[in-house]
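Asker: Below: one structure in structure tokens.
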Amino acid sequence: MGDIGFKCPSGSVFYQGYCFRKETVPMTWKHAETACLRSGMYLAWLEDAIENEYVATHVMSDVNQFWIGLSNTSSTAGQNEVSWTRYRISDDKTIPVYKGLWKNLQPADFIEENKCVSILKDKYDNHWTVTNCRKKLPFVCKLMGAPKPHDVILCGNGGYIHKNWKCDGQNDCGDMSDEIDCSSSCSELLMLEKGTPGSITMTSFDNNAFCTWTIKAPVGDRIKITISSSFHLEENADVLSIWTGGVSLKVSTFLGSVTGSLQSQKKFYSQNNYIIMQLSMDGSVNVRSGFTVTYETVADSVIWNDMKKLTAGSSWQNLESPLYGTAVPFGLQLEWLITAGSYQVVTLEFLEVDLPTSSSLQVYDGEDLMASQVFTLNKNPLHPIYISRSKSVRVVLSTDEHEYTKYRGFHLKYKEGCNIEMNQQGTIYSPGYKVGSYPSNVTCAWILTRNTGEAKPISLRFTEFKVKSNSDYVELYNYTAGTALHKGSGLTGTSDITEIFSSTNGYLNVTFKSNLVLVEKGFKAEFSVDCPILTLSQWTINSVTDKYTALNTEIKLSCQQGYSFKQEEYNSANSVALKCLPGGKWNVSRIPDCQTQQCSTISYLTNGNVNITEGSGTDFASVLMFSCDPGYDLLGSVYIHCRSNGTWSHSKPSCTEINCPIPPVIFGRVDSDGDVKYKEIAKLKCDAGFILNGTTLSEKNVTCGSDALFSGLDPCVNWPI
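To convert, note that position 465 of the sequence shown is 482 in this note's numbering; the numbers rise steadily by one, no gaps.
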């Protein structure tokens, strides 16, 4: 098929009915697919071996390896299948792997991220190989050629329409791409080249104006626009909106909008090589001074496509995400390879990680794309320092297409070797701990100190310990005095280390040395300044007496018999568990302490007396004696004692008034309706013809006494004749 009669996108070559365009900017497979789509093409599908050879030798003649649109990432593709992301006019096409143009010993297993396909050229063939999807490679885009080239225009979505339909106010392409760059509707397409900035100035306006500026940069470049501080439009009535992602809003993401006045410049960064600005104005007549917007490609030093290689030196160096502290740019896939200069390992310290939940900072221990992943972060890690097993670490920042100014990005430090100073609290790991083993022939040293002004000891304990017995050693020293805290050549072997290592002067030096060949998993140790020594009463029992203030030490406080905790929050507790937390703080706000077990105070007895015969009257083993005033009887126990649980042995007694029962009187009676109370008076009366013995009286008053008997109860006798 000849080239006559077909139209291709700019920069493409035509072959057998199809348009092919080489993109030399290295991208991951997914970003390459998106870049082709945003330019109205597709990551290339290949019809047959002839087309495969043409693409490799003509379109990509000077590229050794590049992506094609084949992968095992589709949800419809099985383990023994691959699918084209686009095949002719279909959305995709799944094919069995045995039909592929594979290199010798390919395809490899589709595992983890090894699911994408590239063409790898060598002296034998230009066939396919399974490749890690994260690898950044050049790529080739493809599109079916449009017939009648003089009568059609290409759309942003890969289609085409008749040229007379452009700028007719109708969405003929389906993505509005036929309505851009239309002078009649205030729509302009601006082509931006690297190193050649441009500007847009608006100072005069029509009422109800609606203008669109689409800025397009080369594939792989990003765009920065700067809105000047002189920006002035009618507040909330006139709005300048900014979008990014493609040639039309349908495939773009909203970045933000500006209205009213600005006090300072405002900057926006594109997600890829497209930015769209839309100005919408109302019909009112108001003073508007307008605005100026400058646009330029983002410098490669800020955002780049290929992997950035860094060399770690003996001093800390900083690594920050683009625009750190102000924003997280859209759609990033940035990689750094940090390699030690003369040492075997690299140390990372994460100072801040603040990313959207759908974005991540990934760290791999090793140079290869299949190296072990040790971190996937969007927030600060619990333990911020990592020492690699390999000479290199790969850091990958992947950001989504939705969040922007809410997040700060990341900031870390790196250096070669593993000589580290830490203070107050933390966790130390042997190199490569997170990937399963440490490297051979390495020496690492940690200097652990306390904060200035801190007086408490500093202690270290191992939570895991596995080093090669009698060949790899961990040494611990009191740093200032150089006194060894270990025995022999140092700690070695795979047995648990239960000992706590402490330095009263607040300095510890930990050194790890591995042999030339054999390795083990390594160790993890936690250190911290100690918790304060507890000042406890003599009645408080501490379950641990030695080094109980060291990090993560758990103790139990209880009280001797007859004593209880004085703090109200522990009143009902038999014991309280305490733990020394990192940073030298106990896990409770108030330290429990014991006091004598107290019974309730009994200080008075109505119509009686309370006497303390033992103790203070409320503490354990105190004894109280009760007695009643004359004329009252004691109801209850005379003695009660305070028990060890803080309760009295018996209830408080009471004093009840004495009553004199009405006694029988021969030849007489005591005249009363009922019993007579203590000291009350009743009338003793003799029957007719009888008198009180020894008197001439027939009646007299009698008084109820304290013995519950009437006093002066004389007998009645016959009246003498």
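C-beta: ideal position from N, C-alpha, C; glycine also.
Assign Lys-694 to buried or exposed, taking buried as 16 or more other Cβ atoms, counted over all protein chains shown, within 10 Å of its Cβ.
Answerer: Exposed, because fewer than 16 other Cβ atoms sit within 10 Å of the Cβ of Lys-694.
Asker: Can you check DSSP and say which residues form a bridge with Tyr-424?
Answerer: Note: Tyr-424 sits in no beta bridge, so no partner.
Asker: When the distance is taken between beta carbons, is Gln-614 closer than 8 Å to Ser-661?
Answerer: Closer than 8 Å, so yes.
Asker: Excluding the 5 residues preceding and the 5 following Thr-90 in the sequence, name in chain order all residues of the same chain whose CB lies nearer than 6 Å to its CB.
Answerer: Cβ neighbours of Thr-90 beyond the five flanking positions: Lys-132.
Asker: Using 8 Å as the threshold, is the segment 158-169 in touch with the segment 37-44, meaning 3 or more CB pairs across them?
Answerer: The segment 158-169, when compared against the segment 37-44, does touch it at the 8 Å Cβ threshold.
Asker: With H, G and I counted as helix, E and B as strand and the rest as coil, what does DSSP make of Val-42?
Answerer: Correct three-state label for Val-42: strand.
Asker: By the three-class DSSP mapping on this structure, what secondary structure does Asp-20 have?
Answerer: With a pLDDT of only 47 at Asp-20, under the threshold of 50, the placement of this residue in the model should not be trusted, and no figure is reported.
Asker: Could you give the first and the last residue of the continuous beta strand (DSSP E) run that contains Tyr-141?
Answerer: Per DSSP, Tyr-141 belongs to no beta strand (DSSP E) and is neither H nor E.
Asker: By Cβ distance, which residues of its chain are closer than 7 Å to Gly-117, with the 5 residues on each side in sequence left out?
Answerer: Hits under 7 Å: Val-99, Pro-124 and Trp-145.
Asker: Specify the secondary structure class of Trp-603 as computed by DSSP and reduced to three states.
Answerer: In this structure, Trp-603 counts as strand in the three-state DSSP scheme.
Asker: CA-CA distance, Tyr-360 and Cys-435?
Answerer: So the alpha carbons of these two residues sit roughly 9 Å apart.
Asker: Would DSSP call Ile-608 helix, strand or coil?
Answerer: Ile-608: coil per DSSP, three-state reduction.
Asker: On the DSSP bridge assignment, give the partners of Ser-531 in chain order.
Answerer: Answer by DSSP bridge pairing: none, since Ser-531 is not bridged.
Asker: Pick out the complete alpha helix (DSSP H) segments inside the segment 221-260, 4 residues or longer, and give them in chain order.
Answerer: Listed in chain order, nothing qualifies, since the segment 221-260 has no complete alpha helix (DSSP H) run of 4 or more residues.
Asker: Does DSSP classify Ala-49 as helix, strand or coil?
Answerer: Here Ala-49 sits in helix by DSSP.
Asker: Taking the beta strand (DSSP E) that Ile-320 falls in, what are its first and last residues?
Answerer: Element bounds for Ile-320: n/a, residue is neither H nor E.
Asker: Could you give the residue range of the beta strand (DSSP E) that holds Ala-472?
Answerer: Counting along the chain, Ala-472 falls outside any beta strand (DSSP E), and DSSP gives it neither H nor E.
Asker: Measure the C-alpha to C-alpha separation of Ser-739 and Asp-323 and round it to an integer number of angstroms.
Answerer: Only positions 18 to 738 of the chain appear in this structure, which leaves residue 739 out of reach.
Asker: So if DSSP puts Val-734 in a beta bridge, which residue, or which two residues, is it bridged to?
Answerer: Beta-bridge pairing links Val-734 to Ile-708.
Asker: Would you kindly work out how many angstroms separate the C-alpha atoms of Leu-365 and Pro-26, rounded to a whole number?
Answerer: If you take the alpha carbons of Leu-365 and Pro-26, they lie about 46 Å apart.
Asker: Mapping the DSSP letters down to three states, classify Val-682 as helix, strand or coil.
Answerer: Three-state DSSP puts Val-682 in a strand.
Asker: Taking just the CA atoms, how far does Arg-151 sit from Lys-180?
Answerer: So the alpha carbons of these two residues sit roughly 40 Å apart.
Asker: Taking the alpha carbon of Glu-674 as the point to measure from, which residue in Asp-724, Arg-607, Pro-680 and Arg-686 has its own alpha carbon closest?
Answerer: The option with the nearest alpha carbon to Glu-674 is Asp-724.
Asker: For Arg-55, count the other beta carbons within 10 Å of its own beta carbon; 16 or more makes it buried, fewer makes it exposed. Which is it?
Answerer: Flag for Arg-55 reads buried.
Asker: Give the secondary structure of Val-536 by DSSP, where H, G and I count as helix, E and B as strand, and everything else as coil.
Answerer: Val-536: coil per DSSP, three-state reduction.
Asker: With DSSP run on the structure shown, which of helix, strand or coil describes Trp-182?
Answerer: Helix.
Asker: Thinking Val-370 and Asn-335 are a contact (beta carbons under 8 Å), I'd like their distance in whole angstroms, please.
Answerer: Between Asn-335 and Val-370 the Cβ distance is about 14 Å, and since that is not below 8 Å, they are no contact.
Asker: Taking DSSP as the reference, what is the three-state secondary structure of Val-491?
Answerer: If DSSP states are grouped into helix, strand and coil, Val-491 belongs with the strands.
Asker: When burial is assigned at 16 or more other CB atoms within 10 Å of the CB, is Ile-128 buried or exposed?
Answerer: Classification for Ile-128: exposed.
Asker: I'd like the span of the beta strand (DSSP E) that includes Ile-657, first residue to last.
Answerer: Ile-657 -> beta strand (DSSP E) spans 656-658.
Asker: Taking three-plus beta-carbon pairs below 8 Å as touching, is the segment 195-213 in contact with the segment 223-231?
Answerer: Output reads yes: the segment 223-231 touches the segment 195-213.
Asker: Apart from the five residues just before and just after Arg-686, which ones in its own chain have a Cβ nearer than 7 Å to its Cβ?
Answerer: Cβ within range, chain order: Lys-702.
Asker: According to DSSP, is Arg-103 helix, strand or coil?
Answerer: Of the three classes helix, strand and coil, the one that applies to Arg-103 here is coil, per DSSP.
Asker: Do you know whose CA, among Phe-308, Gly-277 and Ser-265, lies nearest Tyr-291's CA?
Answerer: When each option's Cα is compared against that of Tyr-291, the closest is Ser-265.
Asker: Which residues in the same chain as Glu-337 place their Cβ atom closer than 6 Å to its Cβ, once the five residues preceding and following it in sequence are excluded?
Answerer: Hits under 6 Å: His-428.
Asker: Return yes when the Cβ of Gly-601 is within less than 8 Å of the Cβ of Asp-547, no when it is not.
Answerer: Yes, they are a contact pair.
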